[in-house]
């Protein structure tokens, strides 16, 4: 679409200038190259010299170097406006589509900046405000083009303008009204042909685009696989503070397939749940122990960790905009949460959900860095947690883990060839949803490898992965995704083909109708339907080409007929003033003016070849 605007802008800005002068009660208008003289000199028409002088004055004004310079600037700035709009629309579309990953973006900035804030809000607000503001500017620009007016945009706006949300056939069909008007007003046949070829090339590219579209949800309903299993990402972080007992309990109440947790170890050897390296984001450590705020969480004793509040931050920052939806009892419970140990999680979830465990190594100087994996493994085995409900993600010491806990589901977090994974006794993969294609999902499934994708929060994305046959997903938004009964849309290929062909036909008929309507006067002229020379029709018709031979003749007839009529009126008034009204009424009209008119008519006939 931006390509269309970019190319068409060269043809859209032409000399559709509206010039008005008022000098000595004379108004001169130039619209589409036709000069119309409105005379207000007490009924006395100007002489032929006055007409000629007016013509020269108006053309001098219109074709002056300053006007041409302004036209070039208008074209340049419109191109810049269109280009900026394309970039801004892409930026807005990007931020709208990645709302699934806002939390990860905020966490990334937290690690870089040192404090937590929902940065997606100011970015979206700023982008949406600029997007909306520029929309009016671009729509106004297109309206100016459509009616043939200059684009007197403010300088400040031209470099920052973006808006116009267009979508495929609807947009190209709407744009055809402007393109058809420019086609009708084009001065040369070559310009008309260029406009027509470029526009319809893009139109047919849009029409044929569905041939290149391959969506997982274009499928027969009978081929739809089972709903992907849901794994709560750090529990249910939209309903409770992450990695707390309340969060995991909320997730279990939804009867999820599994729970994901990040495990690290305290300075005194107690495995606990924490995603961040420090405690600043998810606890009140800056209030309780300011000197320990920037210290790694694993470098603190469990007794100190237990004293920290791990729920107030959730109510204060509201990372998912869901804190206000909590009931009073949930609000009080969230406010009093503490850091959860691995043992507490195992006790809560035993036999109720599969655990996807990700181990976060402590710093090098940590006393339990070398034995962290063994301590965690021992805690799992000692708790009696069913081994088949543990997805073991750490890649190191896998042979040892398989010997000690043969029932664990060995899970890889790296994308590798299926043959290599099977040789390593890998049963499952845990990948980001952007890392795997539909074909790779099929390949892994053929090798009996189950794929879990993270982090999937948006229902539309969940639906797409469902259609693609993904076995399970990790999500922050499990309370919503668990209520999705089926993909948001699924369409058999035959119905989809019928839909886009029908849409193409409707769009094509509308475009043809618009071109016919915009070029109605030109079509009538070509077919010989216009026999009379109506000045208003000539002036107002944007479809009549100014350089056509027939229109030139019409202009000459119009101008000279006005001159002839003016001369007749002058003679009649002169006779009336000399001989009185009665004398003038009884005199036969002199044939002088008729002869002059006839000679001029004959001259025009000879020049036209008729």
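Residue numbers (the UniProt record's numbering): 1 to 610.
Ideal Cβ positions, reconstructed from N, Cα and C, are used throughout, including at glycine.
All values reported here derive from a predicted model rather than from experimental measurement.
- Around the beta carbon of residue 250, a 10 Å sphere encloses 16 or more other beta carbons of the protein chains shown; the residue is thus reported as buried.
- Residue 262 carries a strand assignment under DSSP once its states are collapsed to helix, strand and coil.
- In the structure shown, residue 393 falls within a coil segment according to DSSP collapsed to helix, strand and coil.
- The alpha-carbon separation between residue 108 and residue 316 amounts to approximately 19 Å.
- Within the region 84-157, the complete alpha helix (DSSP H) segments at least 4 residues long are 102-113 and 120-147, listed from N- to C-terminus.
- Taking C-beta atoms as the reference points, residue 254 and residue 474 fail to come closer than 7 Å.
- For residue 231, the enclosing beta strand (DSSP E) starts and ends at 229-233.
- Comparing alpha carbon positions, the residue from 348, 138, 386 and 322 closest to residue 80 is 138.
- Counting only residues of its own chain and dropping the five nearest sequence neighbours on each side, residue 225 has a CB closer than 7 Å to the CB of 469.
- Sixteen is the threshold: when 16 or more other Cβ atoms of the shown chains lie within 10 Å of the Cβ of residue 313, as they do, the residue is buried.
- In this structure, the alpha-carbon of residue 295 lies about 26 Å from that of residue 102.
- Counting only unbroken stretches of 4 or more residues, the alpha helix (DSSP H) elements lying wholly within the region 439-526 are 459-468, 478-481, 493-518 and 520-526, in sequence order.
- Residue 275 and residue 106 have their C-alpha atoms some 14 Å from each other.
- Around the CB of residue 128, fewer than 16 other CB atoms lie within 10 Å, so the residue is classed as exposed.
- Judged by beta-carbon spacing, residue 218 lies within the 7 Å limit of residue 491, meaning their Cβ atoms are closer than that value.
- The residue from 124, 204 and 110 with its alpha-carbon nearest to that of residue 511 is 204.
- Per the coordinates, the alpha-carbon of residue 517 lies some 30 Å from the alpha-carbon of residue 85.
- Its chain contains 356, 391, 392, 393, 426, 427, 428, 429, 430 and 452 as the residues whose beta carbon lies nearer than 8 Å to that of residue 411, once the 5 sequence neighbours on both sides are disregarded; these appear in chain order.
- A direct Cα-to-Cα measurement between residue 142 and residue 195 gives close to 16 Å.
- Contact check between the region 449-467 and the region 432-441: three or more CB pairs, one atom from each, fall below 8 Å, which counts as touching.
- Following the DSSP letters along the chain, one finds residue 374 inside the alpha helix (DSSP H) bounded by residues 372-383.
- A direct Cα-to-Cα measurement between residue 244 and residue 174 gives close to 54 Å.
- Taking residue 515 as the centre and dropping the five residues before and after it, the same chain places the C-beta of 180 closer than 6 Å to its C-beta, in chain order.
- Residue 272 sits in a strand when the DSSP states are folded into three classes.
- Within a 10 Å sphere around the beta-carbon of residue 388 sit fewer than 16 other beta-carbons, which makes this residue exposed.
- Judged by DSSP in its simplified three-state form, residue 428 adopts strand.
- Contact between residue 340 and residue 259 does not hold, since their C-beta atoms are separated by about 11 Å, which reaches or exceeds 8 Å.
- Here residue 338 is bridged, per DSSP, to 309.
- With respect to the 7 Å criterion, residue 310 and residue 283 are classified as neighbours on the basis of their beta carbons.
- Of the candidates 351, 460, 298 and 376, the residue whose Cα lies closest to the Cα of residue 485 is 460.
- It is roughly 58 Å from the alpha-carbon of residue 76 to the alpha-carbon of residue 291.
- Rounded to the nearest whole angstrom, the C-alpha separation of residue 342 and residue 358 is 12 Å.
- Counting along the chain, no beta strand (DSSP E) covers residue 192; the unbroken alpha helix (DSSP H) around it starts and ends at 189-208.
- Here residue 215 carries a coil assignment [DSSP, helix/strand/coil].
- If you ignore the 5 residues before and after residue 300, its C-beta comes within less than 7 Å of the C-beta of 266, 267 and 292, all in its own chain and listed in chain order.
- The beta-carbon distance between residue 405 and residue 381, rounded to whole angstroms, is 6 Å. This is short enough to meet the 8 Å contact definition.
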